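Take a look at the structure set out below.
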Amino acid sequence: MSNTHRDSKGRPIVAVTGLGIVTSLGQGKDANWEALTAGRSGIHAIERFPTQGLRTTIGGTVDFLFDRPFSAPELSEKLAMLAAEEAVGQSGIGQPGDFPGELFMAVPPVEMEWPQKQELAASIEGDVDYDGLLREAATLKHKAKHELFLFGAVADHVADAFGTRGSPISLSTACSSGATAIQMGVEAIRRGDTQAALCIGTDGSIHAEALIRFSLLSALSTQNDPPQAAAKPFSKNRDGFVMGEGAGALVLEDYDHALARGATILGIVAGCGERGDGFHRTRSSPDGKPAILAMQDALADAGLAPDDVDYINAHGTSTPENDKMEAMSCAAVFGERMARLPMSSNKSMIGHTLTAAGAVEAVISFLTIAKGRIPPTINYTTPDPAIALDVVPNFARDARVRTVLSNSFGFGGQNTSLVLTAEPARS
Amino acid sequence: MQRGVVITGIGLASSLGEGIETHAAALAGHMAPVVDTTSFAPYPVHPLKALELDRQIPKKSDQRQMEPWQRLGVYAAGLALDGAGIKDDVETKSLLQVIVAAGGGERDHAVDGAILTGLRSANAPGAYLNERLMGDLRPTLFLAQLSNLLAGNIGIVHGITGASRTFMGEEQAGVDAVRTAHARIASGQTEIMLVGGSYNAERRDMLLLLELGGYLRKGDFAPVFEREAAPGIVTGSASAFLVLESAERAAARGAAIHARLDKVVAARSKRTLGAVEATLRALIGGFGAISPDVLAMSAATGAAGITGEEAAALSGLPQARRIATGDLLGHALEAAFPISVALAAAALSAGQAKEAVVTGAGHWRGEGAAHLVKA
Numbered sequence: 000m001s002n003t004h005r006d007s008k009g010r011p012i013v014a015v016t017g018l019g020i021v022t023s024l025g026q027g028k029d030a031n032w033e034a035l036t037a038g039r040s041g042i043h044a045i046e047r048f049p050t051q052g053l054r055t056t057i058g059g060t061v062d063f064l065f066d067r068p069f070s071a072p073e074l075s076e077k078l079a080m081l082a083a084e085e086a087v088g089q090s091g092i093g094q095p096g097d098f099p100g101e102l103f104m105a106v107p108p109v110e111m112e113w114p115q116k117q118e119l120a121a122s123i124e125g126d127v128d129y130d131g132l133l134r135e136a137a138t139l140k141h142k143a144k145h146e147l148f149l150f151g152a153v154a155d156h157v158a159d160a161f162g163t164r165g166s167p168i169s170l171s172t173a174c175s176s177g178a179t180a181i182q183m184g185v186e187a188i189r190r191g192d193t194q195a196a197l198c199i200g201t202d203g204s205i206h207a208e209a210l211i212r213f214s215l216l217s218a219l220s221t222q223n224d225p226p227q228a229a230a231k232p233f234s235k236n237r238d239g240f241v242m243g244e245g246a247g248a249l250v251l252e253d254y255d256h257a258l259a260r261g262a263t264i265l266g267i268v269a270g271c272g273e274r275g276d277g278f279h280r281t282r283s284s285p286d287g288k289p290a291i292l293a294m295q296d297a298l299a300d301a302g303l304a305p306d307d308v309d310y311i312n313a314h315g316t317s318t319p320e321n322d323k324m325e326a327m328s329c330a331a332v333f334g335e336r337m338a339r340l341p342m343s344s345n346k347s348m349i350g351h352t353l354t355a356a357g358a359v360e361a362v363i364s365f366l367t368i369a370k371g372r373i374p375p376t377i378n379y380t381t382p383d384p385a386i387a388l389d390v391v392p393n394f395a396r397d398a399r400v401r402t403v404l405s406n407s408f409g410f411g412g413q414n415t416s417l418v419l420t421a422e423p424a425r426s
Numbered sequence: 000m001q002r003g004v005v006i007t008g009i010g011l012a013s014s015l016g017e018g019i020e021t022h023a024a025a026l027a028g029h030m031a032p033v034v035d036t037t038s039f040a041p042y043p044v045h046p047l048k049a050l051e052l053d054r055q056i057p058k059k060s061d062q063r064q065m066e067p068w069q070r071l072g073v074y075a076a077g078l079a080l081d082g083a084g085i086k087d088d089v090e091t092k093s094l095l096q097v098i099v100a101a102g103g104g105e106r107d108h109a110v111d112g113a114i115l116t117g118l119r120s121a122n123a124p125g126a127y128l129n130e131r132l133m134g135d136l137r138p139t140l141f142l143a144q145l146s147n148l149l150a151g152n153i154g155i156v157h158g159i160t161g162a163s164r165t166f167m168g169e170e171q172a173g174v175d176a177v178r179t180a181h182a183r184i185a186s187g188q189t190e191i192m193l194v195g196g197s198y199n200a201e202r203r204d205m206l207l208l209l210e211l212g213g214y215l216r217k218g219d220f221a222p223v224f225e226r227e228a229a230p231g232i233v234t235g236s237a238s239a240f241l242v243l244e245s246a247e248r249a250a251a252r253g254a255a256i257h258a259r260l261d262k263v264v265a266a267r268s269k270r271t272l273g274a275v276e277a278t279l280r281a282l283i284g285g286f287g288a289i290s291p292d293v294l295a296m297s298a299a300t301g302a303a304g305i306t307g308e309e310a311a312a313l314s315g316l317p318q319a320r321r322i323a324t325g326d327l328l329g330h331a332l333e334a335a336f337p338i339s340v341a342l343a344a345a346a347l348s349a350g351q352a353k354e355a356v357v358t359g360a361g362h363w364r365g366e367g368a369a370h371l372v373k374a
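Laid out in structure tokens, this is it:
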């Protein structure tokens, strides 16, 4: 059988045949979609660890998967496994434990956490220092902690469970990681390296120190009461993001490969754009140039024009700086149309799922296309006059959506945009 | 479409010093390894030879905002850009894409120790931990901790506005970084890339992670393939970055070419007995005919079992000149494979060999190989 379908640049078309998602709103597409379109928030007071003395005490933690204490890599792995099971199951590709393609995973940077360090320290006489911890480690009584905190272990376990091919990629581009995982899958399929890719973004890393680190950067909302109202992207009174947890998984597949096996095509990853920002370690270029270029690159890669975009799935973190920069950048790309082009932020309900965000929000974007309904930006009660946007305020809206631009921007100058479309009319 | 990929920039810095000439001299057997057996005893490490940071990171404010592994990586990246002649080429730097193989940031060891000591007697451990972390963590620590901030700092310091990606996953991150960079150029997806990694061995938090699994050698240094009596890794502070470029682009701008990077391959064996040997043999077998006097550059870790398996796989190249990267400058985890490719390229560039095979098996997972030929 010959490959007959190519994109506008003569490359294989990258179809989506499976989607999976877990967030603080629940497990699976149905639970999430119901909550997202009802405008329900998954943000709540943190109970996982004591929050006394912290400026921020809320988060979109996923609390329904373990009934015992766990570490960030354990939760991140569990989230990834569940999202991948849903996506691979929907796609019907391969056989259980035999996924005929490569694995690209966005995983949070992990390191040994306090409970594990305390276990090591327990048997040390006198003051604790790293030499003491090293002596305890050398007893090899804590061997499992080595694998637990290796960066490559989560992807390795997922590769084992799903039987993906080749060397699995564990990557981080900070808050655009999930989008980068998708982009890497797209590139591998376009190169012909693989006919299918399992692309996952996962993040289950809300623990005390992670929250405190973001808090010390003044990046988090401190409006803890009520928790559901804290994430308010594009509002005038926005005051930072809310950490969230979750995973998104997508089965990407060469379009002709998917057609040949009779798979249902859920959509197309039509274009990807990425740009670095050499301006500052945590701040975006004030002129928004890298974000503008990332969006323009993604559209050009897809062979589309700004007018083709029906909806923008915003990065929309709810920080004063990001939302201003993103709105301005979108205005530069879309011009006057921006005032009536719907752009909403899923983060208003699920918080910022960090490493997972790009993948989680890509899954939601494809659901938006499939259902013809745009999830709202909730908590939009005080518009920011400096940002004239149609943020789909507070209530979901029915709309014909065939092309979505999904933005992800991260610390370290990472800017990634994806163009996600409905299946093209078959010829 | 498969296009030729060439190496036009090599940035190397380690315990031996910096630059192609220094490392080529070590490859030729003219330098002894530098080992510190006391500072982190009982664990030997290869300490970084001090860098004149101002030469690659002119702003003190930039230097201050980075940790040692980031400064080292930014420095080596700068050497690669200089070598490729693109340091001041704004247009190229706007297209240049970066892949970094990175680990995590360094803990504040004193803070950790004090908190762990205090936690034992704290009445409310959770509240105590919060209070201490809020008070003792430097806000900037967060940034130094983020794996992708080495790439971010390379962008900021060297003015690279192309996109960057950071791979994590110990040694295999380095293999996949070079493999992906090569594939993107070979397939025509991009023209020029900067790829590499950086590792600071002089930190107890990383020694701790490796020692939890019992992977470190104790006592003194011994050559990587002669550690059967007391196997284990001797880590080394080192970084390598490579400028990879399509052969056409390099030729068009008249760039000096160190070597052609022919193929880069990777695998993930199940680590049953003999699996690493079989996997590496298969990867090398995919390179086709190899000349007898090839340079075999090994990124072997020194870890028990798999190091012997890598040696066995390399015995399939019986007349090869085998050099372990670890014998020159230690094992640099994520950076180990990029460093080994950089060393092979330096050897080819210096006329020490016409062809090179690079191998590596991660201490816990992942195998990789590369094939280089003289330009």
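The listed protein sequences correspond, in order, to chains A and B. Quick note: the first sequence, position 317, residue 316 per numbering that gives the first Met the number 0, numbers continuous. Quick note: the second sequence, position 202, residue 201 per numbering that gives the first Met the number 0, numbers continuous. Where a beta carbon is used, it is the ideal one built from N, C-alpha and C, also for glycine. This structure is a prediction, so every number in the text was calculated from the model and none was measured.
Report buried or exposed for GLU210 (chain B), applying the criterion of at least 16 other Cβ atoms within 10 angstroms of its Cβ.
Locating residue 210 (chain B) in the second sequence gives position 211, counting from the first residue. Result: buried.
Using DSSP with H/G/I as helix, E/B as strand and the rest coil, what is ALA254 (chain B)?
Numbered from its first residue, the second sequence carries residue 254 (chain B) at position 255. Coil at ALA254 (chain B), not helix or strand.
Output, in chain order, the set of chain A residues within a Cβ distance shorter than 8 Å of VAL174 (chain B).
Indexing the second sequence from 1 puts residue 174 (chain B) at position 175. Going along chain A in sequence order, the residues near VAL174 (chain B) (Cβ under 8 Å) are SER166.
Alpha carbon of THR3 (chain A) to alpha carbon of GLY9 (chain A), nearest angstrom:
Walking along the first sequence from the start, residue 3 (chain A) turns up at place 4. Walking along the first sequence from the start, residue 9 (chain A) turns up at place 10. Going from the Cα of THR3 (chain A) to the Cα of GLY9 (chain A) covers about 10 Å.
How many Å lie between ILE153 (chain B) and ALA44 (chain A) at the Cα?
In the second sequence, residue 153 (chain B) corresponds to position 154, counting from 1. In the first sequence, residue 44 (chain A) corresponds to position 45, counting from 1. Counting only the Cα atoms, ALA44 (chain A) lies some 38 Å from ILE153 (chain B).
Residues, ordered as in the chain, of the stretch 233 to 251 of chain A that lie near chain C by beta-carbon distance below 8 Å:
The structure shown has no chain C; the protein chains it does contain are A and B.
Just by C-beta distance, which residues in the stretch 321 to 344 of chain B are closer than 8 Å to chain A?
Those residues of the stretch 321 to 344 of chain B that come within reach of chain A (Cβ to Cβ, closer than 8 Å) do not exist; the list is empty.
So with Cβ pairs under 8 Å, would you call MET294 (chain A) a contact of chain B?
Numbered from 1 along the first sequence, position 295 holds the residue referred to as residue 294 (chain A). Taking Cβ atoms only, chain B never reaches closer than 8 Å to MET294 (chain A), which makes this a no.
C-beta contact flag for GLY151 (chain A) and ALA180 (chain A) at 8 Å:
For this step, residue 151 (chain A) is matched to residue 152 along the first sequence. For this step, residue 180 (chain A) is matched to residue 181 along the first sequence. Using a Cβ distance threshold of 8 Å, GLY151 (chain A) and ALA180 (chain A) do not count as a contacting pair.
By the three-class DSSP mapping on this structure, what secondary structure does VAL443 (chain A) have?
Residue 443 (chain A) cannot be examined here, being either before or after the span of chain A that is shown, 0 to 426.
Proximity of PHE240 (chain B) and GLY10 (chain B) at Cβ, strictly below 8 Å:
If you number the second sequence from 1, residue 240 (chain B) lands on position 241. If you number the second sequence from 1, residue 10 (chain B) lands on position 11. Yes.
Euclidean distance between Cα positions of ASN345 (chain A) and GLY412 (chain A):
Mapped onto the first sequence, residue 345 (chain A) falls at position 346. Mapped onto the first sequence, residue 412 (chain A) falls at position 413. Roughly 22 Å between the two C-alpha positions.
For the beta strand (DSSP E) that GLY245 (chain A) lies in, which residues bound it at each end?
Here residue 245 (chain A) is taken as the residue at index 246 of the first sequence, counted from 1. That run of the beta strand (DSSP E) goes 245 to 253.
Contacting residues, own chain, Cβ-Cβ under 6 Å from GLY275 (chain A) (five flanking each side not counted):
Within the first sequence, numbered from 1, the residue matching residue 275 (chain A) stands at position 276. By the criterion of a C-beta distance shorter than 6 Å, GLY275 (chain A) is surrounded in its chain by GLY412, once the five residues flanking it on both sides are discounted.
Distance between SER347 (chain A) and ALA344 (chain B) (C-alpha atoms, nearest Å)
In the second sequence, counting from the first residue as 1, residue 344 (chain B) sits at position 345. In the first sequence, counting from the first residue as 1, residue 347 (chain A) sits at position 348. Looking at the two C-alpha atoms, the distance is approximately 50 Å.
Taking just the CA atoms, how far does SER364 (chain A) sit from PHE333 (chain A)?
Working through the first sequence from its first residue, we reach residue 333 (chain A) at position 334. Working through the first sequence from its first residue, we reach residue 364 (chain A) at position 365. Approximately 19 Å, taken between the alpha carbons.
Can you give me the Cβ contacts of MET0 (chain A) inside the same chain, cut-off strictly under 7 Å, excluding the 5 residues immediately before and after it?
One-based indexing of the first sequence puts residue 0 (chain A) at position 1. With a pLDDT of only 47 at MET0 (chain A), under the threshold of 50, the placement of this residue in the model should not be trusted; the figure read from the coordinates follows. Counting only Cβ-Cβ distances below 7 Å, and skipping sequence neighbours, we find ALA259.
If we require 3 or more residues per run, which beta strand (DSSP E) segments fall completely within the stretch 95 to 126 of chain B?
Counting whole runs of 3 or more residues, the stretch 95 to 126 of chain B contains the beta strand (DSSP E) stretches 96 to 100.
Suppose only complete runs of 3+ residues qualify. What are the beta strand (DSSP E) ranges in the stretch 123 to 181 of chain B, listed by chain order?
Listed in chain order, they are 163 to 167.
With DSSP run on the structure shown, which of helix, strand or coil describes ARG280 (chain B)?
Numbered from its first residue, the second sequence carries residue 280 (chain B) at position 281. ARG280 (chain B) falls in the helix class under three-state DSSP.
Buried or exposed for PHE63 (chain A), going by 16 or more other Cβ atoms inside 10 Å?
Within the first sequence, numbered from 1, the residue matching residue 63 (chain A) stands at position 64. It counts as exposed.
Determine, using beta carbons only, whether HIS43 (chain A) comes closer than 8 Å to chain B.
Sequence index remark: in the first sequence, residue 43 (chain A) carries index 44 (1-based). No, HIS43 (chain A) lies away from the interface with chain B (no Cβ there is under 8 Å from its Cβ).
If you draw a straight line from the alpha carbon of VAL233 (chain B) to that of ASP326 (chain B), how long is it in whole angstroms?
On the second sequence, residue 233 (chain B) is found 234 positions in, with the first residue counted as 1. On the second sequence, residue 326 (chain B) is found 327 positions in, with the first residue counted as 1. About 9 Å.
For ASP219 (chain B) and chain A, any beta-carbon pair shorter than 8 Å?
Within the second sequence, residue 219 (chain B) is the residue found at index 220, counting from 1. So no, ASP219 (chain B) is outside the interface.
DSSP three-state call for THR354 (chain A): helix, strand or coil?
Position 355 of the first sequence holds residue 354 (chain A). Reduced to three states, the DSSP call for THR354 (chain A) is helix.
Would you mind sorting THR439 (chain A) into buried or exposed? The rule is 16 or more other CB atoms within 10 Å of its CB.
Lying outside 0 to 426, the shown extent of chain A, residue 439 (chain A) is not represented and no answer is given.
Report yes or no: is there a C-beta of chain A within less than 8 Å of the C-beta of GLN69 (chain B)?
For this step, residue 69 (chain B) is matched to residue 70 along the second sequence. False, the Cβ-Cβ gap to chain A never drops below 8 Å.
Contact between the stretch 332 to 344 of chain B and the stretch 190 to 205 of chain B: three or more CB pairs below 8 Å?
They touch, by the three-pair rule.
Below 9 Å on C-beta distance, what does ARG183 (chain B) contact in chain A?
Within the second sequence, residue 183 (chain B) is the residue found at index 184, counting from 1. The answer, in chain order, is GLU186 and ARG190.
On the three-state DSSP scale, how would you describe ILE363 (chain A)?
Sequence index remark: in the first sequence, residue 363 (chain A) carries index 364 (1-based). When secondary structure is reduced to three states using DSSP, ILE363 (chain A) falls in the helix class.
Tell me whether the beta-carbon of SER146 (chain B) lies closer than 8 Å to the beta-carbon of PRO289 (chain A).
In the second sequence, counting from the first residue as 1, residue 146 (chain B) sits at position 147. In the first sequence, counting from the first residue as 1, residue 289 (chain A) sits at position 290. Their beta carbons are not under 8 Å apart, which means SER146 (chain B) does not touch PRO289 (chain A) by this criterion.
Contact set between PHE166 (chain B) and chain A, taken where Cβ atoms lie within less than 7 Å
Within the second sequence, the letter at position 167 stands for residue 166 (chain B). Within 7 Å Cβ-Cβ: ILE168, SER169 and LEU170.
Tell me whether VAL89 (chain B) is buried or exposed, calling it buried when 16 or more other Cβ atoms sit within 10 Å of its Cβ.
Residue 89 (chain B) sits at position 90 when you count from the first residue of the second sequence. The residue in question, VAL89 (chain B), is exposed, as its Cβ has fewer than 16 Cβ neighbours within 10 Å.
Any chain B beta carbon closer than 8 Å to LEU132 (chain A)
Residue numbering aside, residue 132 (chain A) sits at position 133 when the first sequence is read from its first letter. Taking 8 Å as the CB threshold, LEU132 (chain A) lines the interface with chain B.
Proximity test, Cβ basis, 8 Å: ARG267 (chain B) and chain A:
In the second sequence, residue 267 (chain B) corresponds to position 268, counting from 1. Interface residue, yes.
For PRO225 (chain A) and ASP238 (chain A), I'd like the C-alpha separation in whole angstroms.
Position 226 of the first sequence holds residue 225 (chain A). Position 239 of the first sequence holds residue 238 (chain A). Cα to Cα, PRO225 (chain A) sits roughly 14 Å from ASP238 (chain A).
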